[in-house]
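A.B. asks:
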Amino acid sequence: MSFSRTGGVVILDADGELIFRSGLGRSQGIQTALFDLIKKRENEERFLSPMKVDGDNYFVMGWITDEHSAFLIDPEELNQELFEFISSVDFGYDLLNEFFNHPYSGMTVVDRNGKIVYLGSIHEKFFDLGRGDAVGKHVTEVIENTRLHQVVETGVAEIGQLQEMNGITRVVSRFPVIKNGEAVGAFGRVMFKGPEKLAEMNQQIAKLKSELQYYRREARNLRDHSHGLNDLVGRSEAIRQLKSDLSKVAGLDVPVLLLGESGTGKELAAQAIHSLSERREKSMVTVNSGAIPGELVESELFGYESGSFTGAHSKGRRGKFEAAHNSSIFLDEIGEMPTDVQVKLLRVLQDGNFTRLGGESNKHSDFRLISATNRDLSKMVEEDQFRLDLYYRLSTVTIELPALSERLEDIPDLVQSFINNSNSPTVRKIKHIDPRVYHYLREKAWPGNIRQLMHEVEKATIFCESSELGVEDFRPQGMKIWTPTIPEQEDETGSMKSLLQSYELSLIRKAMARHNGNKKRVAEELGISRSYLYKKLNEDESDLCVVGDFG
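Pasting the structure below:
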């Protein structure tokens with residue numbers, strides 16, 4: 005037979021005689037089972053125990069003193085696994101007591117309205133509250149950054165969450181209390197390890213946060229690494245080989261010398277090496293050796309102390325090598341380095357030591373050197389324009405970048421990449437490119453390589469009146485556009501190299517004539533560096549600055 009599903013109370017005197025009963029406590033079957041249970045637990049002051057009567061499960065909580073004994077009987081059907089667990093142990097009450105009052109665990113219980121119905125003693129001490137002061141208050145009034153009330157609303161548990169309370173970060177788990185498929189409350193537990201352990205716990209959490217930031221940086225670096233190689237646009241065999249070579253040398257931490265014509269992308273290659281190296285945490289330091297006035301090269305590279313020369317900063321200034329400590333330094337146009345500075349450069353490459361201009365004490369920098377030039381350094385060594393020992397130091401590993409003429413099949417990818425990544429409104433308006441444009445561009449000569457190609461494309465977008473770039477945009481109507489032609493050669497049996505050199509000089513002569521000898525404008529139009537222009541001018545026997553020579 006089944007009994008009423010209301011609770012029950014049974015109270016006995018010191019002799020075990022029944023003095024009060026209510027609810028289920030009136031049932032003779034319940035009383036008989038309860039007396040049997042008491043005989044088994046008579047030596048315990050408190051206990052929580054399961055009890056089975058006529059196939060129904062009950063939980064009994066008992067308190068036994070010298071004068072009276074009281075027992076609460078709960079008939080509510082509970083989880084079968086929980087009933088079996090309590091049935092298998094004789095410390096159910098102790099377990100429940102530990103669950104609520106363990107000194108290393110803070111327990112909070114809220115009702116369906118988010119109001120506190122229980123706050124553990126360790127929490128009361130932590131929040132400087134008296135016993136029971138928090139009961140009846142909304143949990144947000146007592147506990148900082150709590151989400152217990154939201155767990156009641158969602159009915160979803162939150163496990164192992166970080167929560168800051170009183171300036172201390174702790175690990176918190178929150179659980180809804182479900183009854184008849186509805187959340188009727190929630191409880192949360194905060195793990196403590198005693199007051200003396202709180203500082204240690206927070207140090208561990210701070211360490212974990214630091215490690216998390218490190219791995220985030222590593223993940224970002226991994227993205228940056230691939231981005232460095234992807235900046236070298238193209239799918240030709242020449243560019244694939246270049247990427248392979250750069251990947252191989254990047255991790256060696258040895259000096260690398262990049263050779264190639266002006267405009268071939270030597271700085272992009274240097275950045276790719278740095279991005280793939282162990283020094284990638286710091287930004288690469290870039291120095292354009294050809295753009296620094298000769299008298300300032302030393303102070304720019306090695307820094308200077310206060311008062312070392314007129315106009316020097318009162319506090320002095322660190323140089324590029326000092327800034328490149330634990331990173332990479334890229335010396336572009338290394339062939340333009342003055343010979344007197346080459347000696348000091350050799351010293352810093354040997355042991356990393358240098359002295360600021362106007363200073364006396366040695367400084368040290370741990371750096372990785374990447375240098376680049378479009379000049380023939382071996383020839384410069386023969387002509388005593390470049391130190392042999394420095395050349396050996398620079399060229400531990402030498403990589404030559406292909407000219408655009410060696411990878412014409414990459415022109416479509418280069419043009420499309422330029423348009424996609426440009427910040428210029430005139431360039432970004434282009435949504436489509438006439439395929440004939442690529443054929444047209446492949447037929448042209450590119451002494452300025454990729455830099456010149458990008459310059460020509462940008463100019464064409466200025467004259468383009470629609471979102472489609474066409475061949476006609478490279479030859480706008482109403483303007484006299486100079487179209488270079490390969491000069492006729494008296495002897496056309498020469499080598500390809502000699503013919504190209506002759507053609508380059510022809511382009512430079514005509515540009516010098518158009519710009520009245522203004523070398524800056526000539527270099528900009530042709531897409532070449534001024535140092536390369538000076539080199540070609542020195543090679544030519546003509547007086548290129550005299551406009552009248554060209555009619």
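As numbered in my numbering, residues 5 to 555 make up the sequence shown, in order. All C-beta atoms, glycine included, are put in the ideal place defined by N, C-alpha and C. These numbers were taken from a predicted model, which means no experiment stands behind them.
How long is the line joining the alpha carbons of isoleucine 490 and tyrosine 507, rounded to whole angstroms?
C.D. replies: Counted from its first residue, the sequence shown places residue 490 at position 486. Counted from its first residue, the sequence shown places residue 507 at position 503. Low local confidence applies: a pLDDT of 49 at isoleucine 490 is under 50, so the model's placement there is unreliable, and no value is given.
A.B. asks: Where does isoleucine 338 land, buried or exposed, given buried means 16+ other C-beta within 10 angstroms?
C.D. replies: Indexing the sequence shown from 1 puts residue 338 at position 334. Flag for isoleucine 338 reads buried.
A.B. asks: Does DSSP put methionine 111 in a helix, in a strand, or in coil?
C.D. replies: Taking the first residue of the sequence shown as 1, we reach residue 111 at position 107. It is a strand residue.
A.B. asks: Compare the beta carbon distance of glutamate 346 and arginine 379 with 8 Å and say whether it is the shorter of the two.
C.D. replies: Taking the sequence shown and counting its residues from 1, the one referred to as residue 346 is at position 342. Taking the sequence shown and counting its residues from 1, the one referred to as residue 379 is at position 375. Per the sequence shown, the amino acid found at residue 346 is glutamine instead of glutamate. Contact: no.
A.B. asks: Give a yes or no on whether the C-beta atoms belonging to valine 260 and isoleucine 277 are separated by under 8 Å.
C.D. replies: In the sequence shown, residue 260 corresponds to position 256, counting from 1. In the sequence shown, residue 277 corresponds to position 273, counting from 1. In this structure, isoleucine 277 lies closer than 8 Å to valine 260 by Cβ.
A.B. asks: With H, G and I counted as helix, E and B as strand and the rest as coil, what does DSSP make of asparagine 453?
C.D. replies: Numbered from its first residue, the sequence shown carries residue 453 at position 449. It is helical.
A.B. asks: When the Cα atoms are used, what is the spatial distance from leucine 22 to lysine 119?
C.D. replies: Along the sequence shown, one-based indexing puts residue 22 at 18. Along the sequence shown, one-based indexing puts residue 119 at 115. Taking the straight line joining both Cα atoms gives about 39 Å.
A.B. asks: Residues in the same chain with beta-carbon distance under 6 Å from tyrosine 62, minus the five sequence neighbours each way, listed in chain order, please.
C.D. replies: Counted from its first residue, the sequence shown places residue 62 at position 58. These residues qualify, in order along the chain: Met55, Ile77, Pro79.
A.B. asks: So, helix, strand or coil for glutamate 447, using DSSP?
C.D. replies: As a position in the sequence shown, residue 447 is number 443, starting the count at 1. Of the three classes helix, strand and coil, the one that applies to glutamate 447 here is helix, per DSSP.
A.B. asks: Could you tell me whether the Cβ atoms of glycine 269 and isoleucine 415 are closer together than 8 Å?
C.D. replies: What you label residue 269 is simply residue 265 of the sequence shown in a count that begins at 1. What you label residue 415 is simply residue 411 of the sequence shown in a count that begins at 1. No; because the gap between Cβ atoms is not below 8 Å, this pair is not in contact.
A.B. asks: Along the alpha helix (DSSP H) that carries serine 251, what are the first and last residues, could you check?
C.D. replies: Position 247 of the sequence shown, counted from the first residue, corresponds to residue 251. That run of the alpha helix (DSSP H) goes 241-254.
A.B. asks: Hey, quick one: how far does the alpha helix (DSSP H) through isoleucine 277 stretch, first residue to last?
C.D. replies: For the purposes of this step, residue 277 is taken as the residue at position 273 of the sequence shown. Segment 270-279, the alpha helix (DSSP H) holding isoleucine 277.
A.B. asks: Please state whether DSSP places methionine 341 in a helix, a strand or coil.
C.D. replies: As a working mapping, residue 341 is identified with position 337 in the sequence shown. Coil at methionine 341, not helix or strand.
A.B. asks: Using three-state DSSP, classify glycine 298 as helix, strand or coil.
C.D. replies: As a position in the sequence shown, residue 298 is number 294, starting the count at 1. In this structure, glycine 298 counts as helix in the three-state DSSP scheme.
A.B. asks: Tell me, to the nearest whole angstrom, how far the beta carbon of leucine 361 is from that of glycine 307; I am working on the premise that it is less than 8 Å.
C.D. replies: Looking up residue 361 in the sequence shown gives position 357. Looking up residue 307 in the sequence shown gives position 303. Rounded, the Cβ-Cβ distance is 7 Å, consistent with contact.
A.B. asks: Shortest alpha-carbon distance to isoleucine 296 belongs to which of Asp70, Ser535, Ser510?
C.D. replies: By one-based count along the sequence shown, residue 296 stands at place 292. The option with the nearest alpha carbon to isoleucine 296 is Ser535.
A.B. asks: Quick one: grab the DSSP three-state call for valine 532.
C.D. replies: If you number the sequence shown from 1, residue 532 lands on position 528. Per the sequence shown, the amino acid found at residue 532 is isoleucine instead of valine. DSSP places isoleucine 532 in coil when its eight states are reduced to three.
A.B. asks: Under 8 Å by Cβ, that's how I've got leucine 272 and aspartate 249 pegged, so tell me the actual separation to the nearest angstrom.
C.D. replies: As a position in the sequence shown, residue 272 is number 268, starting the count at 1. As a position in the sequence shown, residue 249 is number 245, starting the count at 1. That pair is no contact at about 14 Å.
A.B. asks: Just the C-alpha distance for lysine 367 and asparagine 357, rounded to the nearest angstrom, thanks.
C.D. replies: On the sequence shown, position 363 is the one that residue 367 refers to. On the sequence shown, position 353 is the one that residue 357 refers to. Cα-Cα distance, rounded: 6 Å.
A.B. asks: Taking all protein chains shown into account, decide if histidine 127 is buried (16 or more other Cβ within 10 angstroms of its Cβ) or exposed.
C.D. replies: For this step, residue 127 is matched to residue 123 along the sequence shown. The residue in question, histidine 127, is buried, as its Cβ has 16 or more Cβ neighbours within 10 Å.
A.B. asks: Let's see if you can read the secondary structure: which residues bound the alpha helix (DSSP H) around isoleucine 126?
C.D. replies: Locating residue 126 in the sequence shown gives position 122, where the first residue counts as 1. Looking at the DSSP string, the run of the alpha helix (DSSP H) that includes isoleucine 126 is 125-130.
A.B. asks: So, at 6 Å on beta carbons, what are the nonlocal neighbours of isoleucine 512 in its own chain, with the 5 sequence-adjacent residues on each side left out?
C.D. replies: Position 508 of the sequence shown, counting from 1, holds the residue named residue 512. Contacts found: Lys540.
A.B. asks: Would you kindly check if the distance between the Cβ of phenylalanine 24 and the Cβ of isoleucine 15 is under 8 Å?
C.D. replies: Within the sequence shown, the letter at position 11 stands for residue 15. Within the sequence shown, the letter at position 20 stands for residue 24. Their beta carbons are under 8 Å apart, which means isoleucine 15 touches phenylalanine 24 by this criterion.
A.B. asks: With a Cβ-Cβ cutoff of 8 Å, do leucine 405 and leucine 373 count as a contact?
C.D. replies: Residue numbering aside, residue 405 sits at position 401 when the sequence shown is read from its first letter. Residue numbering aside, residue 373 sits at position 369 when the sequence shown is read from its first letter. Cβ distance not < 8 Å, so leucine 405 and leucine 373 don't count as in contact.
A.B. asks: Between which two residues does the alpha helix (DSSP H) harbouring proline 429 extend?
C.D. replies: Residue 429 sits at position 425 when you count from the first residue of the sequence shown. Here the alpha helix (DSSP H) through proline 429 covers 429-432.
A.B. asks: Return the chain-ordered list of same chain residues with a C-beta closer than 6 Å to the C-beta of glutamate 200, the five sequence neighbours on each side being excluded.
C.D. replies: In the sequence shown, the residue the question calls residue 200 occupies position 196. With a pLDDT of 47 at glutamate 200, under the threshold of 50, the predicted position of this residue should be treated as unreliable, though the coordinate-derived value follows. Excluding residues within five positions, none has a Cβ falling inside 6 Å.
A.B. asks: Helix, strand or coil: which one does DSSP assign to threonine 36?
C.D. replies: Translated into positions along the sequence shown, residue 36 becomes position 32. Note: threonine 36 maps to helix in three-state DSSP.
A.B. asks: Can you tell me where the alpha helix (DSSP H) with arginine 397 in it begins and where it stops?
C.D. replies: Counting from 1 along the sequence shown, the entry for residue 397 is found at position 393. First-last of the alpha helix (DSSP H) with arginine 397: 392-398.
A.B. asks: Since alanine 187 and glycine 159 should fall inside the 8 Å C-beta cutoff, what is the C-beta to C-beta distance between them, to a whole number of angstroms?
C.D. replies: If you number the sequence shown from 1, residue 187 lands on position 183. If you number the sequence shown from 1, residue 159 lands on position 155. 4 Å between Cβ atoms; contact.
A.B. asks: In the DSSP assignment, what are the bridge partners of lysine 56?
C.D. replies: Against the sequence shown, residue 56 aligns to sequence position 52. Answer is Asn61, bridged to lysine 56.
A.B. asks: Give me the Cα-Cα distance between glycine 4 and serine 281, rounded to the nearest whole angstrom.
C.D. replies: Residue 4 lies beyond the residue range present for the chain, which begins at 5 and ends at 555; the question has no answer from this structure.
A.B. asks: Would DSSP call valine 551 helix, strand or coil?
C.D. replies: Position 547 of the sequence shown holds residue 551. Any reading at valine 551 must be qualified, since the residue scores a pLDDT of 35, below 50, and its modelled position is unreliable; no value is offered.
A.B. asks: Name the DSSP beta bridge partners of glutamate 543, please?
C.D. replies: Residue numbering aside, residue 543 sits at position 539 when the sequence shown is read from its first letter. DSSP lists no partner for glutamate 543.
A.B. asks: Express the C-alpha separation of aspartate 137 and aspartate 60 in angstroms, rounding to a whole number.
C.D. replies: Stepping through the sequence shown from its first residue, residue 60 is reached at position 56. Stepping through the sequence shown from its first residue, residue 137 is reached at position 133. The alpha-carbon atoms of aspartate 60 and aspartate 137 are separated by roughly 39 Å.
A.B. asks: Could you check whether valine 289 and valine 401 sit closer than 8 Å to each other, using their CB atoms as the reference points?
C.D. replies: By one-based count along the sequence shown, residue 401 stands at place 397. By one-based count along the sequence shown, residue 289 stands at place 285. No. Outside cutoff.
A.B. asks: In this structure, how does DSSP classify valine 347 when only helix, strand and coil are distinguished?
C.D. replies: Here residue 347 refers to the residue found at position 343 when the sequence shown is read from its first residue. Valine 347: helix per DSSP, three-state reduction.
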